[in-house]
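Residue numbering for the sequence shown follows UniProt numbering, starting at 1 and increasing by one per position. Report on one structure; see the data block that follows.
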Amino acid sequence: MEKVNLVFGTVYGSAQFVAETLTDKIAELDFTANLLQPADLTGYVPSEDELLIVVTSTTGQGDLPDDIAQWFSELKSVAPYLPKLQYSIIGLGDSSYETFCGAAKQFDELLSELGAKKLTETLEIDACETMEPETEAIQWIPAWHAAVQSLAS
Numbered sequence: 001m002e003k004v005n006l007v008f009g010t011v012y013g014s015a016q017f018v019a020e021t022l023t024d025k026i027a028e029l030d031f032t033a034n035l036l037q038p039a040d041l042t043g044y045v046p047s048e049d050e051l052l053i054v055v056t057s058t059t060g061q062g063d064l065p066d067d068i069a070q071w072f073s074e075l076k077s078v079a080p081y082l083p084k085l086q087y088s089i090i091g092l093g094d095s096s097y098e099t100f101c102g103a104a105k106q107f108d109e110l111l112s113e114l115g116a117k118k119l120t121e122t123l124e125i126d127a128c129e130t131m132e133p134e135t136e137a138i139q140w141i142p143a144w145h146a147a148v149q150s151l152a153s
């Protein structure tokens, strides 16, 4: 599996910046990294022979950002069966809220319901602990890469 698709949901731009940073770092590992913009997600069903990374912030009371909420609803209503899809999720949140990383948890639940397999544990990045979420995401890449390599063996 050489192609990695990254999607993001953001309110203020942090999740987009994390996704852009990951796209560059993953490309350095000789993967084809494809960053999909929210406008590109209409009708998008992740390919099962490619990897998926969802990077999303949480807004309101554990809600999805508006720019990714429509795709989430579309996936939920179409409900494609994706038993061979391998995915990872990075959630940006604020632990002072009761619904910390709620959007990431919703995506994890949905993808699991669609039969997809979680490649890595969800990375939850807490705004109370870091001002640069992309730094934590970069530190996560070796664990993600090891998980991908274990698929090949």
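Heads up, the beta-carbon is just placed ideally off N, CA and C, and yes, glycines get one too. The structure displayed is predicted, hence computed values, not measured ones.
Distance, residue j Cα to residue i Cα
i	j	result
glutamine 61	glycine 102	8 Å
aspartate 49	lysine 3	8 Å
alanine 79	lysine 117	15 Å
glycine 141	isoleucine 90	Residue identity check: residue 141 is isoleucine in the sequence provided, not glycine. If I take the Cα positions, the gap works out to 11 Å.
glycine 115	tyrosine 81	6 Å
glutamate 134	aspartate 63	21 Å
glutamine 106	glutamate 129	22 Å
glutamine 139	threonine 21	12 Å
proline 65	methionine 131	19 Å
Range covered by the alpha helix (DSSP H) that runs through residue i
i	result
leucine 75	66–78
serine 150	133–152
phenylalanine 107	102–113
serine 14	14–28
Distance between beta carbons of residue j and residue i, contact taken as under 8 Å
i	j	result
alanine 137	leucine 123	7 Å
threonine 120	serine 88	5 Å
valine 18	leucine 92	7 Å
threonine 10	aspartate 94	Not really, about 14 Å apart at Cβ, beyond 8 Å.
With 16 other Cβ atoms within 10 Å as the buried cut-off, status of residue i
i	result
serine 57	buried
alanine 152	exposed
serine 14	buried
Contact the stretch 21–30 vs the stretch 59–75: 3+ CB pairs below 8 Å: no
So, do the stretch 34–42 and the stretch 112–129 have three or more beta carbon pairs nearer to each other than 8 Å? no
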